[in-house]
Amino acid sequence: MRQRHKSYREIVSPANLFYCWDEFRRGKRGKADVQQFERLLEDNVFALHDDLARKTYRHGPYHTFHIHDPKHRIISKASVRDRLVHHALWQSLSEIFEPTFIYHSYASRPERGTHLAVINVSEVLRGVSRNYTRQAYVLKCDIRKFFDSVNHQKLLALIERKISDNDLLWLLRDVVSSFPGRPESTLSLSLSLSLSRRSDQGLGAGIPIGKLTSQIFANIYLNELDQFVKHTLHVRDYYRYADNFVIVHGDPDYLLDALAATRSFLLETLALELHPCKVEIRQLSQGVDFLGYVILPHHRVLRTTSRRRMMKRLLAGDANVQSGFVSEERFYQVTQSYLGLLKHYDGHGLSSFVQNNFERTPILH
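Last residue of the sequence shown: 365 (UniProt numbering), numbering continuous.
As structure tokens, this is what we get:
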């Protein structure tokens, strides 16, 4: 039975669009494009509502830019108008699909995140190793170019399992197909062969990194993997954050079997493949590198690159305070955030160093 959800008319109503605007603009009111849209907010929202209600809306082009955080990524940014539509769709899709996701899926979900994922993997490793008296093993996997490889036809088919509103599906198709994706020449040989055997070849692939709807689209798509691993392979200790996942077990041969089955499922069912250089089986005693942290018996530490990135940001933030570009209050919030994190992962005296060199109580005016 299909789950009840908001109708298309309710989603695109002016009342809901204004509500989504209030949610969308949090933390963005200083952005020039947001300020420009807000100057004529009522006119812009009602015009958007009219386009959506009449189904004359068409998603605009993306502005792309490059970041290195720490690895190189291409970010695609839509207009404020389109991002408001994304927020309305994300709100609706989250209500429908959140109950279908497994507990141990941690990316872009309420009350989840990297911190909880690392803690829970640490705890299950302690259990599997019988309180560190036996060896435990971790299969680590990374899906190669996941966001570039999401098949539009498959994604829409998964959405249609839960949504029957034709108007809402029309809007979702427009948003999904708005991203041009990557050229076929960048696909690996095995993935190209897999796609060539599919009837939906040529209908597009790829969702943009950094888009709100891409977060829920990714979880909808990879929920198929989650369900396969949990309910077909019957793997107990499986944890996924976006396109990274781990399986914990006491027998490395078990993990090799799970790897073979998972690799085949990804390629044949989802047209995805594992990164050949980012699949490994690690012993707990060697340290397990997961989501920027290294899990060891009895404790966890920040990965070396994560520590360097933290120090780089703190030094840059301190320089910006000295130059007047960032307020002391804002920098204080940043340092407190890092200190809160280090309470759980500090094995290198970082907390004391940050407190002694960067922490200072702001002067409140």
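All C-beta atoms in this analysis are idealised placements derived from N, C-alpha and C, irrespective of residue type, glycine included.
Would you mind giving the Cβ-Cβ distance between residue i and residue j, rounded to the nearest angstrom? I have them listed as a contact below 8 angstroms.
i, j, result
"TYR132", "PRO252", "Incorrect: roughly 18 angstroms between the Cβ atoms, too far for contact."
"residue 397", "TYR238", "Here the chain comprises residues numbered 1 to 365, so residue 397 is not present and cannot be evaluated."
"GLU329", "LEU270", "Not confirmed; about 46 angstroms, so no contact."
"ALA117", "TYR241", "5 angstroms"
"LEU125", "LEU284", "5 angstroms"
"ILE163", "ILE96", "7 angstroms"
"VAL354", "TYR338", "6 angstroms"
"ILE281", "VAL288", "10 angstroms between Cβ atoms; not a contact."
Where does residue i land, buried or exposed, given buried means 16+ other C-beta within 10 angstroms?
i, result
"GLU98", "exposed"
"SER352", "exposed"
"GLY340", "exposed"
"LYS154", "buried"
"SER199", "The predicted model places SER199 with a pLDDT of 40, which falls under 50 and marks its position as unreliable; any figure quoted below should be read in that light. So SER199 ends up on the exposed side."
"LEU48", "buried"
"ARG83", "buried"
"GLY27", "exposed"
"HIS72", "exposed"
"TRP170", "exposed"
"HIS234", "exposed"
"ASN356", "exposed"
"CYS277", "exposed"
"LEU255", "buried"
In angstroms with no decimal places, state the Cα-to-Cα distance between residue i and residue j.
i, j, result
"ASN16", "TYR8", "11 angstroms"
"ASN219", "ALA88", "17 angstroms"
"ALA258", "ASN244", "15 angstroms"
"LYS31", "PHE18", "18 angstroms"
"LYS145", "ILE102", "23 angstroms"
"ASP226", "THR262", "10 angstroms"
"ARG309", "SER149", "29 angstroms"
"LEU272", "SER177", "19 angstroms"
"ARG300", "GLN286", "12 angstroms"
"LEU156", "PRO297", "43 angstroms"
"VAL326", "MET311", "17 angstroms"
"ARG236", "ASN166", "38 angstroms"
"ASP33", "THR232", "47 angstroms"
"VAL80", "GLY113", "26 angstroms"
"LEU274", "LEU266", "8 angstroms"
"PRO180", "GLY206", "7 angstroms"
"GLY204", "VAL334", "40 angstroms"
"GLN215", "ASP142", "17 angstroms"
"SER196", "LEU168", "Note that SER196 scores a pLDDT of 48, beneath 50, so its modelled location is shaky and nothing firm can be said."
"ALA78", "ARG25", "14 angstroms"
"VAL128", "GLN135", "8 angstroms"
"ILE119", "ASP43", "47 angstroms"
"LEU93", "LEU212", "11 angstroms"
"GLY250", "TYR293", "21 angstroms"
"SER323", "PHE331", "13 angstroms"
"CYS20", "ARG130", "48 angstroms"
"ASN151", "LEU222", "12 angstroms"
Looking only at its chain, what residues have a beta carbon closer than 8 angstroms to the beta carbon of residue i, apart from the 5 residues adjacent to it on each side?
i, result
"PHE46", "PRO14"
"ILE75", "THR64, PHE65, HIS66, ILE67, PRO208, ILE209 and GLY210"
"GLY174", "Sequence inspection shows Asp at residue 174; the Gly mentioned does not correspond to that position. Around ASP174: TYR57, ARG58 and HIS59."
"GLN35", "ARG29"
"VAL85", "LEU48, LEU52, TYR57, HIS59, LEU171 and VAL175"
Tell me which residues share the same chain as residue i and place their Cβ nearer than 7 angstroms to its Cβ, disregarding the 5 neighbours each side in the sequence.
i, result
"VAL246", "VAL121, VAL138, LEU139, LYS140, TYR239 and PHE290"
"PHE358", "LEU314, ASP318 and THR335"
"TRP90", "LEU212, THR213 and ILE216"
"GLU160", "LEU169"
Which same chain residues, not among the five before or five after residue i, have their C-beta less than 6 angstroms away from its C-beta?
i, result
"LEU342", "LEU350 and SER351"
"LEU158", "ILE220"
"VAL279", "CYS141"
"SER306", "GLY292"
(Q) Threshold first: 3 residues or longer. Then list the beta strand (DSSP E) segments lying entirely within the segment 267 to 302, N to C. (A) 280 to 283, 288 to 290, 293 to 296 and 299 to 302
Q.
Going residue by residue through the segment 204 to 268, where are the continuous beta strand (DSSP E) segments of at least 3 residues, counting only ones entirely within it?
A. 238 to 241 and 244 to 249
**Q.** Entirely enclosed beta strand (DSSP E) segments - the segment 67 to 125, minimum 3 residues
**A.** 72 to 77
**Q.** Segments of 3+ residues assigned as beta strand (DSSP E) that fall wholly inside the segment 34 to 69
**A.** 63 to 68
Q. Which ranges would you report for the alpha helix (DSSP H) in the segment 135 to 164 if only whole runs of at least 4 residues count?
A. As for any alpha helix (DSSP H) of minimum length 4 sitting wholly inside the segment 135 to 164, the runs are 146 to 149 and 152 to 160, ordered along the chain.
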